[in-house]
Amino acid sequence: LPIGEGRRFQPRGVAGAILNGWEVSAIYTYQSGGPLGFSSATNTTFSQGGGQRPNLIGDPTEGDRTLNRWFNTAAFAAPTAYTFGSAPRSLGSVRSDGIANLDFSAVKNTRLLEGLALQFRAEFFNFTNTPRFSPPNTAFGSAAFGQVTAQSNQPRVVQFALKLIF
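As numbered in this note's numbering, the sequence shown has no gaps in its residue numbers, which increase by one up to the final residue, 169.
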């Protein structure tokens, strides 16, 4: 910050003790969600392993996205017995929730004596308290198909620390 000894603004006395020596930092992370892969809750291929996918019969991105309906569940249908289904391994047009996270910290260094300083630190993780949701259920035939049922990040976490530096 432009406040303190040798900087643009140099308060003195009590104001200087309060305003001088601050450092701030922030880390912002922005990332799109990953593509979703679909499967069937029951395997009617009798292939002794592997999996079965549903048939893709419509546009899974159609309609509004909510936690109870992350994608258009009517775009999928059950494959006939002994077939693997027509849905691809993953759909790039249907993605899980992305990341938009801001971490912030403020640190104040105060010199007490020569060779002795006190550091106060305040750290805020997920500063904006933005939720990131877990991927939706993608197992066709499951009762929760298309639903997001969990949050994958923590709410805002704040921590304070004092450190004596000698």
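For glycine and all other residues, C-beta sits at the position ideal for the given N, C-alpha and C. Fair warning: this is a prediction, and the values are worked out from it, not measured in the lab.
Legend entry - Coarse secondary structure for Thr-76, derived from DSSP in three states: helix
Inset, instruction - Report the rounded CA-to-CA distance for Gly-101 versus Gln-13, giving the unit in angstroms. - result: 43 Å
Legend entry - Rounded C-alpha distance that separates Thr-133 from Thr-48: 42 Å
Inset, instruction - From the DSSP output, in three-state form, read off Ala-142 for me. - result: strand
Inset, instruction - Specify whether the region 156-165 and the region 119-133 touch according to this definition: at least 3 beta carbon pairs, one from each stretch, less than 8 Å apart. - result: yes
Inset, instruction - Look at the Cβ atom of Phe-79, then the Cβ atom of Pro-139, and state whether they are nearer than 8 Å. - result: no
Legend entry - Residue burial classification, Leu-70 (beta-carbon count within 10 angstroms, cutoff 16): exposed
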